[in-house]
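Per the working numbering: the sequence shown = residues -4 to 205. What follows is a single structure, written as structure tokens, with notes after it.
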Amino acid sequence: MVDGHRPDGGLVIDCHAHLMPPRWQTASSPPSLYDADGMLTKQEKGGVDVSVFGNNWIRRPEGNRSPLDLIKEFNEFAADLTSRHDGHFLGLASTVAYGSDDMLAETEHAITELGLKGIMINSSFDGEYLDSDAAEPFWTLVERLDVPVFIHPPGTTIGDEFMHMFRLPEMVGRPFDTTMSLVRFILTGGMVRHPSLKLVCAHVGGTLPV
């Protein structure tokens, strides 16, 4: 690596980072999730040019605000941080794949008007996987927008009640949630119905490569 870049002149990109609006911070949250300046310092030390960040729904502010309100706030934050830091950050739009028409409209707004270059979604949400019929309007929108989708496991997965020991949610629950969702999507014809999708799957796609 030469001056933080690859010898061939390409950029070094961290495609899996998390930053949240500072006012979302709670006492139990790692401070680094709200410290953009700290991430810039780590970028410089590690020779990273660009960090791609999104909202994986594991951290959210206290209170009972609706998912749509939180998504709108995060997307504004992501767009602002992206624009203020001279190419060092690239924010992904936050959304729920099984959302309402208002959720779809906000997703389109985040891409076409706020200028975000991709979308982050959970591999499941409230027990629903990505092959759900309710997600079809989302996938149709994604194809029309022609942007990549980063798939990340949620904080609480199906079977979470059996994993409150030995960090099993991180070692088993989340990787297998990604695996289950992707395999269901593939086997039910998701990639046939939507052949132009560009998917980036966290944690090497769970156990899918095996």
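Think of the CB as a built atom: it goes at the ideal place given N, C-alpha and C, for glycine as much as any other residue.
7 Å Cβ cutoff met for residue i and residue j
i	j	result
Ser176	Ser118	yes
Gly86	Phe48	yes
Glu108	Ser191	no
Ala88	Ile114	yes
Val195	Pro143	yes
Leu136	Ile106	no
Asp172	Pro148	yes
Glu39	Ile66	no
Gly33	Ser24	no
According to DSSP, residues forming a beta bridge with residue i
i	result
Asp9	Ser46
Ala88	Ile114
Phe120	Glu123
Ile146	Ile116, Cys196
Same chain, Cβ closer than 7 Å to residue i, five either side skipped, listed in chain order
i	result
Gly168	Thr152, Gly154, Asp155, Met158
Pro132	Leu99
Contact set for residue i: own chain, Cβ-Cβ below 8 Å, skip 5 residues either direction
i	result
His104	Asn70
Thr174	Gly200, Gly201, Thr202, Leu203
His80	Ala31, Leu35
Between the CA atoms of residue j and residue i - distance to the nearest angstrom
i	j	result
His189	Ala73	27 Å
Phe180	Leu111	25 Å
Pro56	Thr90	16 Å
Pro62	Lys37	31 Å
Leu163	Glu68	31 Å
Leu182	Lys193	17 Å
Where the alpha helix (DSSP H) through residue i begins and ends
i	result
Phe157	Neither: Phe157 is in no alpha helix (DSSP H) and is coded neither H nor E.
Asn70	62 to 79
Leu99	96 to 107
Leu35	31 to 41
Met15	Met15 -> no alpha helix (DSSP H), and no H or E assigned at all.
Gly184	Careful: Gly184 lies outside any alpha helix (DSSP H) and carries neither H nor E.
Cut-off 6 Å between Cβ atoms - residues of its own chain near residue i, not counting five sequence neighbours on either side
i	result
His198	Pro170
Asp9	Val43, Ser46
Tyr29	Met15, Pro17, Gln20
Glu123	Tyr93
Val7	Gly42, Val43, Asp44
Run of the beta strand (DSSP E) containing residue i, from where it starts to where it stops
i	result
Val137	Note, Val137: premise wrong, no beta strand (DSSP E); alpha helix (DSSP H) at 131 to 140.
Met166	Element bounds for Met166: n/a, residue is neither H nor E.
7 Å Cβ cutoff, residue i in contact with chain C
i	result
Ser61	Of the chains in the structure shown, none is chain C; there is only one protein chain.
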